[in-house]
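First residue of the sequence shown? That's 230 in the numbering used here, and the numbers climb one at a time after it.
All C-beta atoms, glycine included, are put in the ideal place defined by N, C-alpha and C.
Please read these numbers as outputs of a predicted model, since none were measured by experiment.
Shown next, in structure tokens, is the structure this report addresses.
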Amino acid sequence: MNNFILQKESDDRIAQLRINSRQAILLVSICTCIFLSILYLSAEILSDMLYEKRLNEFKKNYNIMSNNLKFLQKKLEDLDNKVSVIEEKDKAVRNYAGMPEIDLDIRKLGTGGYGIKSNILSDNIAPMINEELIALQLDIEKISRNVNLEIESYEAIYDKVKKDINRISKIPSIRPVKGGYLNSSFGYRKDPIDNVTRFHQGQDITVKSGTPIYSPADGIVKRAYYAGGFGNHIKLDHGNGYTTLFAHLSKIKVKHGQKVSRGEVIGLTGNTGRSTAPHLHYEIHHYGESKNPLDYFFHSPD
């Protein structure tokens, strides 16, 4: 058995500690265990600190990503609403160009798109954010298809319009007055004078008396005189079955049989005839059938 002597010199005395090999191994083992325990505890504390730091960073990034997603979702909703407006205008423009509406099934499917790549989503993203990203991509894909469909539709309309420009020049397609606001609309309403419900065949636009009235298309003046409820009024024949009527004028600036061009001033608004306040009563008829003028407001007179 080997003996180890630990000796300490202090003043004139010598202190000795004798240990054998087994005791030395035990002592080294104890010191090693203590050292490893301290190292392990230090690593645990450091790991907890790093975890806490990463958790805080993740929460911060999660909140930022969540807010960005909400912002994008709001933008997509706005874009989707605008696409819906474009779709309604597309229907009106197709009617204007004498083209059939897009089939409902085709409109639902749309055309083309960017495609969804599921592998771009990280497995480390929180499940809720992951689901929102997938939903967001689906919305983008849907809107993309609808936009592509509308682009193709307008290209088809443009080609049709180029071939049929003469007929289209005679379709009433501009707002007959600048400014003002829409009052009594096309459809059933209570008459403002006798309070009886009747079908209102036109669109009333409230403007101050003396506001210029513009011809909505090329045409010929068929009527230009004072008559009962309409007061001073003008009727234009644009050909291809289209006629327009303008009532309650303060002044008529055209004559029967006169040719007029789109955008030409034909009279001034007023309050003549069966009217309660200055405004323009505007009607559109196609082969004798009354049409909603709002479906033909594609341009302002400018």
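Through-space distance from residue j to residue i, alpha-carbon basis
i, j, result
"GLY519", "GLY470", "It should be pointed out that residue 519 corresponds to Ser in this sequence rather than to Gly. Approximately 11 Å between the Cα atoms of the pair."
"LYS407", "ALA456", "25 Å"
"LYS480", "ARG418", "28 Å"
"GLY517", "ALA321", "19 Å"
"LEU465", "VAL314", "30 Å"
"PHE415", "PHE526", "13 Å"
"THR261", "LEU255", "10 Å"
"SER276", "ASN290", "21 Å"
"ALA385", "ARG374", "17 Å"
"SER351", "LYS391", "Because SER351 carries a pLDDT of 47, less than 50, the predicted location of this residue cannot be relied on, and the following value inherits that uncertainty. Those two C-alpha atoms are separated by around 50 Å."
"GLN487", "ILE397", "20 Å"
"ILE263", "GLU281", "27 Å"
"PRO405", "ILE380", "29 Å"
"THR472", "ALA453", "14 Å"
"LYS288", "LEU298", "15 Å"
"HIS515", "LEU474", "12 Å"
"VAL257", "GLU286", "43 Å"
"ASN348", "LEU268", "Model confidence at ASN348 stands at a pLDDT of 44, short of 50, so the residue's coordinates are unreliable and nothing is read from them."
CB contact flag (residue i, residue j, <8 Å)
i, j, result
"GLY458", "GLY502", "yes"
"TYR511", "ILE434", "yes"
"GLY499", "HIS485", "no"
"VAL436", "LEU509", "yes"
"PRO401", "HIS467", "yes"
"ASP319", "SER382", "yes"
"GLN302", "LEU365", "yes"
"LYS482", "ALA446", "no"
"ASN584", "ASP524", "Not covered by the structure: residue 584. The range shown for the chain is 230 to 531."
"PRO507", "SER438", "yes"
"PRO329", "GLN432", "no"
"SER504", "GLY460", "yes"
"PRO441", "VAL494", "yes"
Residue interval of the alpha helix (DSSP H) (run including residue i)
i, result
"ASN395", "394 to 397"
Sequence-distant residues of its chain with Cβ nearer than 6 Å to residue i (five each side left out)
i, result
"ARG427", "ASP420"
"SER430", "The displayed chain sequence assigns Gln, not Ser, to residue 430. Closer than 6 Å at the Cβ level, and outside the excluded window around GLN430, lie GLU512, SER519."
"PHE300", "none"
Reduced DSSP category for residue i - H, G, I as helix; E, B as strand; rest coil
i, result
"GLU381", "helix"
"SER258", "helix"
"ALA446", "coil"
"GLU316", "helix"
"ASN424", "coil"
"PHE300", "helix"
"LYS346", "Confidence at LYS346 is low in this model, with a pLDDT of 44, below 50, so its placement is unreliable and no value can be given for it."
"ARG251", "helix"
"GLU273", "helix"
"TYR525", "helix"
"GLU512", "strand"
"LYS371", "helix"
"LYS520", "strand"
"VAL322", "helix"
"ARG283", "helix"
"ILE403", "strand"
"GLY496", "strand"
Start-to-end residues for the beta strand (DSSP E) that takes in residue i
i, result
"TYR443", "441 to 443"
"ALA476", "471 to 481"
"ASP466", "460 to 468"
"GLN432", "432 to 435"
"ARG503", "Run containing ARG503: none; DSSP gives neither H nor E here."
"LYS419", "416 to 419"
"GLU330", "Counting along the chain, GLU330 falls outside any beta strand (DSSP E), and DSSP gives it neither H nor E."
Residues near residue i by beta carbon distance below 8 Å, same chain, minus five either side
i, result
"GLY492", "ILE403, TYR443, SER444, PRO530"
"ALA272", "none"
Own chain, CB closer than 7 Å to residue i, minus 5 neighbours either side, in chain order
i, result
"ILE372", "LEU305, LEU308, ASP309, VAL312"
"VAL450", "ILE463, LEU465, VAL483, LYS484, HIS485, GLY486, GLN487, VAL489"
Cβ of residue i within 8 Å of any chain E Cβ
i, result
"ARG491", "The question asks about chain E, but that chain is absent: this structure has only one protein chain."
Any non-hydrogen atom of the ligand GTP within 7 Å of residue i CB
i, result
"PHE527", "The ligand GTP is not part of this structure, which contains no ligands at all."
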